[in-house]
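Heads up: the structure comes next, in structure tokens.
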Amino acid sequence: MTDTPAAAPADLGALVSRHPVANRTRWINAAWTLPIGALGFWLGLQGLLRDGASNGGESLGLALGFGVCGLAIGLSQAVRALRGGDGEYFEVRAHGLVHGNARGLKGRWTWAQIATITLRARSGAVGPHAHRFGHDYRCVLGLADGGRVRIDGLAVGASTLGNAVIDRCPDARLLDPEAWTRRAGGWLLLGAALCVGGVVAMVRYISAHPDGERVTVDSYGRTGHEFVPGADDTTVMLLALGIGGCALGAAVLLALFVHGRVRRRP
């Protein structure tokens with residue numbers, strides 16, 4: 006692909022800067038997080054189906070939560086890579102922004118069409134893992150027609166791109182994406198506690214319904230052994246999904262609460 010793509014609208018003016026997006030990194034991320042997530046979920050589910058959470062229920066719940074988290078991250082990376090396409094890029098033009106890929110333009114907007122800019126604050130050093138997933142930078146542009154354009158750290162020179170948009174859109178409202186976590190701190194803690202309670206309740210339910218035998222004595226005094234099934238496999242599988250979802254929910258809600266407290270004072 007050439008450095009300057011064709012078909013850019015003439016009314017957006019001359020090219021100021023070009024920012025390719027590393028979608029190949031997203032595919033690599035998905036390629037290793039999806040198998041790890043699937044393995045963690047499968048191991049946790051098999052443990053629950055085999056042992057009924059009678060041994061190591063907390064560990065099995067953790068494995069399920071880890072698996073769900075890995076699957077969610079991998080699917081998110083794959084979806085973003087698919088939506089961006091091969092050769093995804095952003096271009097800052099004199100009078101607007103261009104978003105495209107190797108197959109053509111995905112969107113073009115004048116600076117006046119950008120109504121809001123949501124920029125996540127940054128403090129301290131950013132680790133390599135955050136950069137690998139594009140979490141070291143995030144800027145969401147809200148368009149006047151209701152659409153959104155997302156820029157993350159996998160765009161080359163992402164902060165330069167975001168700053169260029171801010172400088173050229175003085176009338177756009179700057180929004181704080183983390184303000185709601187500070188306002189909803191107590192509710193986030195309550196939600197995390199409810200998720201933990203849900204995990205405990207579901208694990209205890211599975212533990213309380215193991216397969217077993219019931220001894221019966223008939224009228225002639227003969228002793229018999231009757232198999233008594235515990236929770237059926239479908240119920241255990243649904244509970245396992247619930248355990249994984251609640252474990253992931255508790256971790257996310259707690260992380261949001263801590264994040265809101267840390268960012269209370271910029």
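For the sequence shown, my numbering gives the first residue as 6, with consecutive numbering after it. Glycine included, each C-beta is placed from N, C-alpha and C at the ideal position.
In this structure residue 97 is buried. Its beta-carbon is surrounded by 16 or more other beta-carbon atoms within 10 angstroms. The C-alpha of residue 249 lies about 18 Å from the C-alpha of residue 194.
A residue is called buried once 16 or more other Cβ atoms fall within 10 Å of its Cβ, and residue 163 is buried on that count. Residue 75 places its beta carbon less than 8 Å from that of residue 45.
Residue 154 sits in a strand when the DSSP states are folded into three classes.
Under the DSSP assignment, residue 116 falls outside any beta strand (DSSP E); it carries neither an H nor an E label. For residue 25, the secondary structure class from DSSP, reduced to helix, strand or coil, is strand. The straight-line gap separating the alpha-carbon atoms of residue 73 and residue 48 is approximately 12 Å. Taking C-alpha positions only, residue 243 is separated from residue 251 by approximately 12 Å. Pairing residue 146 with residue 178, the inter-Cα distance amounts to about 10 Å. By DSSP's assignment, residue 95 forms a beta bridge with 24, 104. Put simply, the backbone Cα of residue 28 is about 7 Å away from that of residue 91. In the assembly as shown, residue 245 is a buried residue. Its beta-carbon has 16 or more other beta-carbons within 10 Å. By the CB criterion at 8 Å, residue 99 and residue 167 fall outside the cutoff.
Pairing residue 102 with residue 113, the inter-Cα distance amounts to about 6 Å. Secondary structure at residue 85: helix, using DSSP grouped into helix, strand and coil. Here residue 109 carries a strand assignment [DSSP, helix/strand/coil]. No Cβ-Cβ contact shorter than 8 Å links residue 261 with residue 165. A direct Cα-to-Cα measurement between residue 144 and residue 94 gives close to 15 Å. Between residue 171 and residue 122, the beta carbon gap of about 6 Å places them in contact (Cβ cut-off 8 Å). Taking the Cα positions, residue 79 is about 31 Å away from residue 120. Annotation for residue 145: the continuous beta strand (DSSP E) segment containing it runs 143–148. For residue 160, the beta-bridge partners assigned by DSSP are 26.
Sixteen is the threshold: when 16 or more other Cβ atoms of the shown chains lie within 10 Å of the Cβ of residue 197, as they do, the residue is buried.
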